[in-house]
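Numbering-wise, the working numbering puts 15 at position 4 of the sequence shown, and it's gapless, one number per residue.
Beta carbons are placed, not taken as given, at the ideal position from N, Cα and C, and that holds for glycine.
The next block holds one structure in the form of structure tokens; read it before the comments.
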Amino acid sequence: MHPRAADSDPWAKWSDEDLLLEYRGGGDRRAFEELVHRYERELYNYLRHYLGDAEMAEDAFQTAFLQVHLKCEQFEPGRKVRPWLYTVATNQAIDAQRRNRRHRMVSLDRKAGAPGQDEEAGSLVDLLDGEEPGPVDCLESDEQRRSVRSAVERLPDSLRQVLLLVYYQGLKYREAADVLSIPVGTVKSRLHAAIHRLEQSLTHAHLPAHG
Numbered sequence: 012m013h014p015r016a017a018d019s020d021p022w023a024k025w026s027d028e029d030l031l032l033e034y035r036g037g038g039d040r041r042a043f044e045e046l047v048h049r050y051e052r053e054l055y056n057y058l059r060h061y062l063g064d065a066e067m068a069e070d071a072f073q074t075a076f077l078q079v080h081l082k083c084e085q086f087e088p089g090r091k092v093r094p095w096l097y098t099v100a101t102n103q104a105i106d107a108q109r110r111n112r113r114h115r116m117v118s119l120d121r122k123a124g125a126p127g128q129d130e131e132a133g134s135l136v137d138l139l140d141g142e143e144p145g146p147v148d149c150l151e152s153d154e155q156r157r158s159v160r161s162a163v164e165r166l167p168d169s170l171r172q173v174l175l176l177v178y179y180q181g182l183k184y185r186e187a188a189d190v191l192s193i194p195v196g197t198v199k200s201r202l203h204a205a206i207h208r209l210e211q212s213l214t215h216a217h218l219p220a221h222g
């Protein structure tokens with residue numbers, strides 16, 4: 012999809028919140044399309060890593076924005092759109108998992124590296140990061156990555172959700188709390204528990220943890 016110049020598209024200057032409120036109030040399709048354009052890559056990638064399946068992610072993405080269309084009247088003025096969209100997308104991902112009666116592991120091959128990522132999430136980043144690898148190190152790194160993915164797959168959903176939102180997507184604690192409808196303190200404790208379990212799994216597998 013080609014980038015659009017802001018001066019050629021007046022909707023590009025609108026905030027997410029104003030776009031949704033405009034669509035809710037007047038039903039202007041262009042406002043809705045601008046919102047989809049802004050989040051289609053981000054939310055699809057989130058769903059792709061959450062579900063581990065491209066087709067399931069595409070279906071969940073489509074149904075998520077269908078729900079945005081159907082439930083835009085429920086959006087409360089003063090609330091941020093981004094966490095609300097993640098709430099809708101997460102619910103669709105959970106529904107997709109239930110329909111398929113199987114859970115796919117989340118991929119953590121890439122760091123989020125997002126600005127504003129909370130400091131505690133760095134523990135997992137440190138676990139995956141090391142010095143510049145040589146040929147042998149690359150083989151070890153591949154083995155470690157597979158072990159991390161396997162360990163993530165075994166996490167309870169409550170821990171895996173927080174890990175994905177904060178670590179991979181780079182959401183703030185408060186945003187993740189809003190998405191999952193839990194207190195900020197619970198987000199922190201679940202993230203800490205998730206990282207602790209991963210570190211234990213890697214230690215048990217006799218893999219070196221960097222840090």
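Integer Cβ distance of residue i from residue j, believed to fall under 8 Å
i, j, result
"glutamate 33", "arginine 93", "With a Cβ gap of about 17 Å, glutamate 33 and arginine 93 do not count as contacting."
"tyrosine 97", "leucine 176", "7 Å"
"arginine 208", "leucine 166", "6 Å"
Contacts around residue i, its chain only, beta-carbon distance under 6 Å, and the 5 residues preceding and following it disregarded
i, result
"alanine 75", "Val99, Ala100 and Gln103"
"alanine 42", "Leu30, Glu33 and Tyr34"
"tyrosine 57", "Gln180"
"glutamine 78", "Val99"
"alanine 71", "Leu58, Gln103, Ala104 and Ala107"
"glutamate 69", "none"
Burial state of residue i (16 or more Cβ within 10 Å)
i, result
"glutamate 87", "exposed"
"leucine 174", "buried"
"glutamate 154", "exposed"
"histidine 60", "buried"
"leucine 182", "buried"
"arginine 171", "buried"
Close-in-space but distant-in-sequence residues of the same chain around residue i (CB under 8 Å, 5 per side omitted)
i, result
"alanine 188", "Pro194, Val195, Thr197 and Val198"
"aspartate 85", "Per the sequence shown, the amino acid found at residue 85 is glutamine instead of aspartate. Answer for glutamine 85: no residue qualifies."
"aspartate 20", "Glu45"
"lysine 91", "Asp27, Glu28, Glu186 and Asp189"
"methionine 116", "The predicted position of methionine 116 is uncertain, since its pLDDT is 46 and thus under 50; no value can be drawn from it."
"aspartate 39", "Glu33"
Neighbourhood of residue i by C-beta, 7 Å cutoff - its chain only, sequence neighbours within 5 removed
i, result
"valine 47", "Phe76"
"tyrosine 50", "Leu96"
Q: Answer yes if the stretch 64–81 comes into contact with the stretch 157–172, meaning at least three C-beta pairs across the two stretches below 8 Å, and no otherwise.
A: no
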